[in-house]
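Trainee: Going by the numbering used here, the letters in the sequence shown line up with residues 615 to 773, in that order. In this text, a Cβ means the ideal position worked out from N, Cα and C, and glycines have one as well. Provided herewith is a single structure, encoded as structure tokens, for subsequent inquiry.
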Amino acid sequence: MRITDQYFWNIIFLGFFICLVFLATIILEGEAIKSYEALTFVDFALITLATWRCIRLVVYDKIFAFFREQFYDATEYKGKIVLVKPEGGPRRTLADLVTCPWCIGVWMGAMVSFFYLLTSYAFFPVLFLALSAVASFLQILSNMIGWRAEQLKNETELK
615 MRITDQYFWN IIFLGFFICL VFLATIILEG EAIKSYEALT FVDFALITLA
665 TWRCIRLVVY DKIFAFFREQ FYDATEYKGK IVLVKPEGGP RRTLADLVTC
715 PWCIGVWMGA MVSFFYLLTS YAFFPVLFLA LSAVASFLQI LSNMIGWRAE
765 QLKNETELK
């Protein structure tokens, strides 16, 4: 088993997340506009799709590259500036977090759920994030179908 000092920072961030979830639970106990028992399938679908879209935004999309890059070190390699993860410390944990869809998914799921239950003002952002998630999926699916059709066309032309 490999022991590193990075485990310390991972545990710190895990503790921070647990504290945030605990505090969010306390806040929702008294301030929520909708209780979790009252959530319908549509609510769960909206929260799920909005969370998926937030994950895609933070981990993969170019629009959030500026955010992800804040946790990297810029070094020169063969005359070019490249970004590398720090060797250790809290920035390394944050760099790992914002590049891991499973990790950031837990944080985004907690955030989207919290605001959805807390205020009615969160409905519209959750709705448009959910719609953009469906639209993104449909776009990816149509691209995949188009690529497959082109591949089949090229295969038949070669015969």
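1. Might you give, ordered along the chain, the residues of its own chain that have their beta carbon closer than 8 Å to the beta carbon of I669, omitting 5 neighbours on each side?
2. So the alpha helix (DSSP H) D687 belongs to, where does it begin and stop?
3. How long is the line joining the alpha carbons of A724 and N768, rounded to whole angstroms?
4. DSSP puts L697 in a beta bridge; with which residues?
5. How big is the Cα-Cα spacing for L741 and A664?
6. Taking the alpha helix (DSSP H) that G621 falls in, what are its first and last residues?
7. Among S734, I695, L708 and P700, which one has its Cα closest to the Cα of L628?
8. Which class does D675 belong to by DSSP, given the choice of helix, strand or coil?
9. Which residues in the same chain have their Cβ closer than 7 Å to the Cβ of V748, if we skip the five residues on either side of it in sequence?
10. Among I677, L671 and G703, which residue has its Cα nearest to the Cα of F685?
11. For the alpha helix (DSSP H) that contains K767, what are its first and last residues?
12. In the DSSP assignment, find the alpha helix (DSSP H) that holds Y650 and state where it starts and stops.
13. For A659, collect the residues of the same chain with a Cβ closer than 8 Å to its Cβ; drop the 5 residues on either side in sequence, then sort them by chain order.
14. Excluding the 5 residues flanking P700 on each side, which residues of the same chain have their C-beta closer than 6 Å to its C-beta?
Mentor: This is what the structure gives:
1. P715, I718, G719 and M722
2. That residue, D687, is in no alpha helix (DSSP H); its beta strand (DSSP E) goes D687 to Y691.
3. 46 Å
4. Note: L697 is bridge-paired with A688 in the DSSP secondary-structure output.
5. 7 Å
6. Residue identity differs from the one stated: residue 621 is Tyr in this sequence, not Gly. Element bounds for Y621: Q620 to E645.
7. Checking every option, the nearest Cα to that of L628 belongs to L708.
8. coil
9. Closer than 7 Å at Cβ, skipping near neighbours: L663.
10. G703
11. F737 to L772
12. Annotation for Y650: no alpha helix (DSSP H) segment contains it, and DSSP assigns it neither H nor E.
13. A744
14. Counting only residues of its own chain and dropping the five nearest sequence neighbours on each side, P700 has a CB closer than 6 Å to the CB of D687 and R706.
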